[in-house]
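Under my numbering, the first residue of the sequence shown is numbered 80, with each subsequent residue one higher.
All C-beta atoms in this analysis are idealised placements derived from N, C-alpha and C, irrespective of residue type, glycine included.
Only a predicted model underlies this, so the values are computations on that prediction, with no experimental measurement involved.
Down below is the structure, laid out as structure tokens.
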Amino acid sequence: MPKRNRELDKNYDPRPLEDKWYQWWIDQGLFHADENDDTRETFTIVLPPPNVTGALHVGHAYDHTLQDVLCRYKRARGYNVLWLPGTDHAGIATQNVVERALAKQGLKRQDLGREAFIEKVWEWKKEYGGRIVSQMKRLGDSCDWDRERFTMDEGLSKAVRAVFVRLYEKGLIYRGKYIVNWCPRCHTALSDIEVEHAEEPGHLYFVRYPFADGQGHILVATTRPETIPADVAVAVSPEDPDKKALAGRKVVVPLTGGRVVPIVADNMVDPAFGTGFVKITPAHDPNDFLAGQRHGLPTIQIIDENGIMTDDAGAELAGKTVVEARPRSVQLLQEGGFLEKIEDLPHQVGHCYRCNTVVEPYLSEQWFVKVAPLAQKGVQASKEGRIRWIPNQWDKTYYQWMDGVRDWCISRQLWWGHRIPAWTCGDCGHLTVSETDPTLCPKCGSHHLHQDEDVLDTWFSSALWPFSTLGWPEDTKELKRYYPTSVLVTAFDIIFFWVSRMIMMGLEFMDGREPFKDVYIHALVRDEHGQKMSKSKGNGIDPLDMIEKFGADALRFTVAYLTVQGRDILLGESRIETCKRFINKLWNASRFALMNLGDEDCEGLPEPSEMRLHDRWLLSRLAGVEKSVSALMDEYDVGEAARVIYDFVWADLCDWYIEMAKPALYGDEGDGRAKASRQVLNRAFKDVLRLLHPFTPFVTEELWHAFAFGERPMELESWPDGSDLPTSEDSLAEMSSLQELVRALRNLRSEAGLPPSQSIDRAVLRFREATGEAFVKAHEDMIRLLAKVGRIEALGKDDARPRSSLTSIVGLGQVFLPVGDLLDVKAEVERLTGELKKVQANLQRSEAKLSKPSFVENAPADVVEKERERLEDSKRRIARLSENIESLSQA
């Protein structure tokens, strides 16, 4: 058999291991999926494409780790795994990056012209666009890099055109005027997710609108007095009995020189907000725009694409910025006697996610997708169970977002992106939408064709990702083999913007087949105090810094271990350091095992006659862990799987079994026992490394080859399922009793302030049943070894407890630790007395709380239950402390 590496470095250093093994996996073709292999079940994930401008952040590290864990697990289970990577062209972000570079040269994109500017962007992408990919490799992403895609590569561009044209031909894409989120600096429409909201101080202005007949006025509350010149109506709620009677009357709009507008009844009005009267400004508010359409109202646009007030705003406001126009409009309202009062009102203000400019609702001609017909199919697929949401409560969020969804604005006023495939004839005005560039107008034959200047929203191409990346619209082998994909792993904040759109497009263009079977929604990463990470707060964590400091495995295992479905991760550097210690413990335990296994053949399982309790127990525990981890991973419960493995490795294998196996490994129990212990140890490490590999691939690959378990990548070895391991419930129960006894003795030693290395002359036990004494005799050598006691004595039922002893109750009975000769008894009594007073105070507090009906009846049930548990624990501790004080006081 191949020789084990007994010269494993004393200290675990992750960097050289990570560089070495990642390149080896690539050279071995481990990550490449075989589309011609029809013998194995497929498992497919398409990576949510990060922006080509981006750098790996902690959210990526979390999201990618979960995907990588699943892919490596499925490879080990024998699946034909495709994890397809790629990047998004990120229209606004990428264009801004290149424009800033040009600005340093004193140039604007307009100076270059469209074609030359786009060439510059491609040059930038070629030079810098691979940065995030290299960082993903540092994390250990096991993607099929041979199939890496880019949302603007030739194949995906072809798919984008095909989808646009086919939706247009079905009447699902149209061009029209609509309110959009508009960045006055970037000069483009923005999707809702590209708008970042922040609470800012503001005001609510109460303005008088006189009745046109001169009979009094109504009071309208608004946060945007500068838009009053664009008002075309005032709305009231039809549910407001007092105000709905005013519908049909007319009022005069202030600051307009006497423009008269109607009062209309509309359900958009919340009668509880402000005064119950809402001004309608269709050109500058999305809700007002819809109300205007419902009531056939005109639109007046008084803010232009640069955020400047137009001439229609009136001479006093024209030419001012929105920021300048607001105080001036307030001043004009005061001078005209229209302003009744002003109240403070903090409110959410939208900003462009790239340049932080305040976003304006802006009426402009754009391209739209009619979403409702597509959304209906998407909801149906989910309700029929063809798409499963994990955790399952996210389906409700999906339904809420899809219910009453508005048409999707897909055009952006940029140069970088998929240019809209629509051409207008300069002679007859005919519009041609085509998958290929037309050379003449199909209506009049003119060659004077002009392509639409706009590009498509980045989310449009991303919506096609699950099938466009597999070669659609061509009928490729990859498409046949890997679509639908198995699972989508992503965060909840893009369920509507991306997940829902992929569902709609997949169902529409892939013959009604959903793009993925499962949607695993994970939460967000926050700092260890639960705060959102941000540069301004200085509480962010750079995953590359953490990889450099602790290694990729430590970061990966940390985020996996902390994952609880439905809860945000609270991540701090100290947690990553803790997981680095776990990997160090595994490394050191492996070094111990390698030195003690030597070059002997340790394959196979021991003869039952050669196994002791701890051997049978460890193999039983290992079988249970393997079955549990497999079941958890199959249900995407990555966090609980990591915690199960962690507990087994740290506690069962390292803290208990290795310590108990040392006498046999050192030859103190004979050759048969030495061989049995080596076989158990060998099997435990072989299976543990396989279980840990999806989480910590680098260190486990290194140790796998150090143990000489195989020469191939370990993912190609069979996954351990515990089916061949002997199990024994009796062994688990016996070991539990032994561990309880040892823990009790260790706790008593700790309470007495005795160092772990100090041996104690004796421990005394009073057994609850006769079988207890036989049990202790059978395992006395292990109890003495683990608890560091010289001998164990039995105490008769009626015998007095040893003088100057500390005591604890265990399942076997009562254990006593005589400490009179080992410590200052007087000082110990004083310490225990002080602790007793604290516990008595805790007991009184719990009793006081639980005696109040208001607490028991009104507090959450779990809070009340915890208080009851605290009370019972205090009672037990008081009894034990009192007994120990009494015993020590007799010395």
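For residue 284: DSSP bridge partner residues: 301 and 421
Supposed contact pair residue 894 and residue 56 - C-beta distance, whole angstroms, cut 8 Å: Limits of the chain in this structure are 80 at one end and 970 at the other, which puts residue 56 out of reach.
field: Cut-off 6 Å between Cβ atoms - residues of its own chain near residue 239, not counting five sequence neighbours on either side
entry: 497 and 540
Separation of residue 632 from residue 856, as counted between CA atoms: 44 Å
message: On a Cα-Cα basis, can you pick out the residue from 195, 156 and 534 that is closest to residue 489?
response: 534
message: Let's see if you can read the secondary structure: which residues bound the beta strand (DSSP E) around residue 470?
response: Run containing residue 470: none; DSSP gives neither H nor E here.
message: Quick check: what's the CA-CA separation for residue 126 versus residue 728?
response: 31 Å
query: Can we say the segment 137-145 touches the segment 568-584, given the rule of at least three CB pairs closer than 8 Å?
result: yes
field: Where residue 374 sits in the DSSP three-state scheme
entry: helix
- request: Give the DSSP bridge partners of residue 504, in chain order.
  value: 528
field: Coarse secondary structure for residue 858, derived from DSSP in three states
entry: coil
- prompt: Assuming residue 300 contacts residue 315 under a Cβ cut-off of 8 Å, what Cβ separation, rounded to an integer in Å, is found between them?
  reply: Not confirmed; about 13 Å, so no contact.
- prompt: alpha helix (DSSP H) containing residue 658: first to last residue?
  reply: 652-676
task: State the start and end residues of the unbroken alpha helix (DSSP H) segment that holds residue 921.
output: 904-929
message: Under DSSP, the alpha helix (DSSP H) around residue 101 begins and ends at which residues?
response: 93-106
Where residue 254 falls: helix, strand or coil (DSSP): strand
- request: Can you have a look at residue 269 and say buried or exposed, based on whether 16 or more other CB atoms are within 10 angstroms of its CB?
  value: buried
task: Can you have a look at residue 973 and say buried or exposed, based on whether 16 or more other CB atoms are within 10 angstroms of its CB?
output: Outside the displayed range of the chain (80 to 970) lies residue 973, so it cannot be described from this structure.
task: Please name the residue, chosen from 623, 838 and 874, that lies closest to residue 848 on a Cα-to-Cα basis.
output: 874
- request: Along the alpha helix (DSSP H) that carries residue 764, what are the first and last residues, could you check?
  value: 750-771
query: Does the distance from the C-beta atom of residue 658 to that of residue 758 stay below 8 Å?
result: no
Among 417, 575 and 508, nearest to residue 483 - alpha-carbon criterion: 575
- prompt: Rounded C-beta distance between residue 161 and residue 121? I'm assuming under 8 Å.
  reply: 7 Å
task: Classify residue 115 as buried or exposed, calling it buried when 16 or more other Cβ atoms lie within 10 Å of its own Cβ.
output: exposed
Segment contact, 8 Å Cβ cut-off, at least three pairs: the segment 214-223 with the segment 400-419: no
field: Cβ separation of residue 640 and residue 562, assumed to be a contact under 8 Å, to the nearest whole Å
entry: That belief does not hold up - the Cβ atoms of residue 640 and residue 562 are roughly 33 Å apart, past 8 Å.
query: Where does residue 443 sit, in a helix, a strand or coil, going by DSSP?
result: strand
- prompt: Is residue 323 helix, strand or coil by DSSP?
  reply: helix
- prompt: How many angstroms separate the CA atom of residue 537 from the CA atom of residue 168?
  reply: 7 Å
- request: Report the rounded CA-to-CA distance for residue 478 versus residue 367, giving the unit in angstroms.
  value: 25 Å
- request: Following the continuous alpha helix (DSSP H) through residue 693, name the residue where it begins and the one where it ends.
  value: 692-713
message: Given this structure, state the Cα-to-Cα distance separating residue 262 from residue 456, to the nearest angstrom.
response: 33 Å
message: Going by beta-carbon coordinates alone, are residue 234 and residue 131 separated by less than 8 Å?
response: no
field: 6 Å CB neighbourhood of residue 642 in its chain, flanking five on each side removed
entry: 717 and 718
field: alpha helix (DSSP H) segments (min. 4 residues) lying fully within the segment 618-648
entry: 622-629 and 631-640
message: Just list the residues that DSSP pairs residue 884 with in beta bridges.
response: 897
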